[in-house]
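Residue numbers (full-length UniProt numbering): 1 to 517.
Every residue, glycine too, gets a C-beta built ideally from N, C-alpha and C.
Written out below as structure tokens is the structure these notes cover.
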Amino acid sequence: MQYNTGFRSTKKPASFEYGNNDAVDFNGFGDFVGIDTITYEDGVVAIKELKSTSTIDEVNRSIHRYIDNPKPSSNIKLTSPQEILSFLKKINPRKATGPDGIPNKALQQIPTNVITFITKIFNKCLLCNYFPVIWKTAHVLMFPKPQQNHKLPGNYRLISLLSNIGKIFEKIILSRLKEECHDLSIIPNGQYGFRAGHFCIHQLLRVTNTVTQGFKHKFYTGGVFLDVRKAFDRMWHNGLIYKLIQFKIPNYLIVILINYLRNRTFRVKLNHTLSDIGSIKAGTPQGSILSSQLYTIYTSDFPKTNQIMNCFFADDTAILAQGSTINYVIHTLQKGLNNIEKWCTLWRVPINTDKTHAVMFRKGTSRKELKTLSFFDEDLTWDKEVKYLGLILDDKLTFRSHLKYNTEKFWAKVHLLIPLIGRRSPLTLENKLLLFKQVLRPILTYASQIWGVAAFSNRKKAQILQNKILRIIVNAPWYVRNSVIHNDLKIQTIDEFIKELPRNFFQKLVYKMVHPS
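Here it is in structure tokens:
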């Protein structure tokens, strides 16, 4: 319908005095249904046999001993045509091709006898603990970042294209690696990234629930939100292999992964021209199916400090401490940061201190100056707010800053879509509404399961934005009421929509508890 008108030493932290009653037991609050229980251990959890005074040479010697004295591989889980077909059905047929030029669409159309030959090749690779060289070469495409000086190479976004058939073999390795990680309980409960049934919203709920429970009990909650500099690109290969050995991952998987990481190459592709071959000596391969799981394993021994809650979503890391006094919270966070600094130095994990933020969540109007935290010889100042997993958390959890940010982001996207949703657009009303529901409304309602408790005035601002965009879509004259437009288009108000989202969200959590996977 239309409405027409016409590597450094750490500073010694300051000493703080606090009583034994200042500590908070996070477990005492309980968790939301379906969220993993939080556990704590004293001190830093370290990989066995590697002391804090160990050197890089010790890690390298351990790996050489392992390679020079290989153990016979047993219980190798071979693949089958059925497993390969199941992976082929799920791949995106529109994905770009890698160096071999074989598109996913062609792989999905290959006959059964070819699947059988591919199965034999994959099984031979598994038996020989071998990852083919041809699948270890990437073509790198460069895309300019908007509003940047494109004469500088750092202002380009790089996309690596790998062999599509090689990615199928990676999926086979990944399925076995995930199974072993699950059986050996390698991945910590606090890691919500790259795990089935775990999303950003779950980790955000875990963080905000801890803070709000602290408000309820009149506790202070301090959080430090770490920024890992190029986390995936700088992962230490030998450190990863060492951890795989210590975690007792099956030998055949370790040797395949060693082969997978070694001697990787890339060529930059510009139009139809290829650069000389370059080598990759560190980091997880960009565009690889295995990269995320390998990074998760590499950081799985992240230090656990007593009375600190670790929160991970891939490389987005935060630590929280809670107590009845500010001094206790700061002291606990400093102890955790000292442990993290030692771990990062040992395992070559670079931290960007300039983008690492600290926030003290507290109610009331007190603005007592807080003692600074020390991290890698830098002082971390206390901020009023921080952006974590796309949600801006202010120190009182009012979410005003987040809603203001959403408004700016919403209008920026609207300006891009005006040719498609404006009155001169050739699209049908149904397609315009589809763009609204799939592109614009998710911006307004992201993480509304959490900020839905914000003041009505904040939610009203989001509703005003929705009213304006719906009027643009239908080209409504001034005298048509917003409620009429919503009814005619069968569009929920913002309040109705965000009330339904949490309801569905928590129903899924209950289902997950009753039917664990």
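Are the Cβ atoms of residue i and residue j separated by less than 7 Å?
| i | j | result |
| --- | --- | --- |
| residue 98 | residue 162 | yes |
| residue 168 | residue 87 | yes |
| residue 172 | residue 79 | yes |
| residue 200 | residue 389 | yes |
| residue 194 | residue 292 | yes |
| residue 267 | residue 277 | yes |
| residue 155 | residue 147 | no |
| residue 229 | residue 350 | yes |
If I follow the unbroken alpha helix (DSSP H) through residue i, where does it start and stop?
| i | result |
| --- | --- |
| residue 143 | Not the alpha helix (DSSP H): residue 143 falls in the beta strand (DSSP E), residues 137 to 144. |
| residue 484 | 482 to 489 |
| residue 380 | Where residue 380 is concerned, there is no enclosing alpha helix (DSSP H), although the beta strand (DSSP E) it sits in stretches over 378 to 380. |
| residue 86 | 81 to 90 |
| residue 68 | 56 to 68 |
| residue 106 | 104 to 109 |
| residue 434 | 429 to 435 |
| residue 215 | 200 to 216 |
| residue 292 | 291 to 298 |
| residue 237 | 237 to 246 |
| residue 74 | Per DSSP, residue 74 belongs to no alpha helix (DSSP H) and is neither H nor E. |
| residue 288 | Unbroken run through residue 288: none, as it is neither H nor E. |
| residue 194 | Premise fails: residue 194 is in no alpha helix (DSSP H) and is neither H nor E. |
| residue 117 | 112 to 128 |
| residue 175 | 164 to 183 |
| residue 337 | 326 to 346 |
| residue 373 | Premise fails: residue 373 lies in the beta strand (DSSP E), 373 to 375, not in any alpha helix (DSSP H). |
Please name the residue, chosen from the options, that lies closest to residue i on a Cα-to-Cα basis.
| i | options | result |
| --- | --- | --- |
| residue 283 | 258, 445, 57, 100 | 258 |
| residue 312 | 96, 188, 341 | 188 |
| residue 453 | 217, 82, 212 | 212 |
| residue 132 | 451, 153, 151, 165 | 165 |
| residue 382 | 198, 419, 329 | 329 |
| residue 489 | 495, 436, 416, 461 | 436 |
| residue 130 | 190, 121, 321 | 121 |
| residue 396 | 102, 222, 147, 463 | 222 |
| residue 127 | 256, 91, 464, 157 | 256 |
| residue 361 | 272, 214, 484, 390 | 214 |
| residue 372 | 332, 315, 429 | 332 |
| residue 347 | 406, 243, 424, 411 | 243 |
| residue 191 | 317, 470, 232 | 317 |
| residue 467 | 391, 456, 387, 484 | 484 |
| residue 246 | 297, 334, 74, 230 | 297 |
| residue 426 | 159, 400, 473 | 473 |
| residue 407 | 124, 392, 384 | 392 |
| residue 457 | 432, 421, 403, 429 | 403 |
| residue 184 | 123, 249, 233 | 249 |
| residue 216 | 432, 363, 465, 418 | 363 |
| residue 236 | 287, 210, 224, 294 | 294 |
Identify the continuous beta strand (DSSP E) that holds residue i and give its terminal residues.
| i | result |
| --- | --- |
| residue 453 | From DSSP, residue 453 is part of no beta strand (DSSP E); its letter is neither H nor E. |
| residue 387 | 385 to 388 |
| residue 394 | 391 to 394 |
| residue 399 | Element bounds for residue 399: n/a, residue is neither H nor E. |
| residue 160 | 156 to 161 |
| residue 264 | 264 to 270 |
| residue 308 | 308 to 313 |
| residue 277 | Per DSSP, residue 277 belongs to no beta strand (DSSP E) and is neither H nor E. |
| residue 322 | 316 to 323 |
| residue 223 | 220 to 226 |
| residue 359 | 357 to 361 |
| residue 440 | From DSSP, residue 440 is part of no beta strand (DSSP E); its letter is neither H nor E. |
Assuming residue i and residue j are in contact, meaning their beta carbons sit under 8 Å apart, how far apart are those beta carbons, in whole angstroms?
| i | j | result |
| --- | --- | --- |
| residue 319 | residue 308 | 5 Å |
| residue 289 | residue 170 | 4 Å |
| residue 450 | residue 112 | Actually they do not touch by this definition, with Cβ atoms about 49 Å apart. |
| residue 412 | residue 380 | Not really, about 31 Å apart at Cβ, beyond 8 Å. |
Ignore the nearest five residues each way along the sequence and tell me which others in residue i's own chain have a CB closer than 6 Å to its CB.
| i | result |
| --- | --- |
| residue 409 | 443 |
| residue 227 | 352, 355, 356 |
| residue 53 | Residue placement at residue 53 cannot be trusted, given a pLDDT of 44 that sits under 50; what the coordinates show is reported in the next sentence. None. |
| residue 96 | 161 |
Return the chain-ordered list of same chain residues with a C-beta closer than 7 Å to the C-beta of residue i, the five sequence neighbours on each side being excluded.
| i | result |
| --- | --- |
| residue 93 | 104, 105, 108 |
| residue 71 | 251 |
| residue 448 | 498, 501 |
| residue 115 | 81, 84, 85 |
| residue 63 | 238, 241, 242 |
| residue 45 | In this prediction, residue 45 scores a pLDDT of 36, lower than 50, which makes its location untrustworthy; the coordinate-derived value is nonetheless stated afterwards. So the qualifying residues of the chain are 301, 303, 304. |
| residue 14 | With a pLDDT of only 40 at residue 14, under 50, the local geometry of the prediction cannot be trusted, and the value read off the model is given with reservation. Contacts found: 371. |
| residue 157 | 143, 145 |
Kindly list the residues whose CB is nearer than 8 Å to the CB of residue i, restricted to its own chain and excluding five residues on each side of it in sequence; keep chain order.
| i | result |
| --- | --- |
| residue 463 | 493, 494, 495 |
| residue 514 | Bear in mind that the predicted position of residue 514 carries a pLDDT of just 39, short of 50, making it unreliable; the figure below should be weighed with that in mind. There are no such residues. |
| residue 264 | 136, 137, 138, 279, 280, 285 |
| residue 5 | Confidence at residue 5 is low in this model, with a pLDDT of 39, below 50, so the placement of that residue is unreliable and no value is reported for it. |
| residue 134 | 99, 100, 163, 166 |
| residue 204 | 388, 389, 391, 447, 450 |
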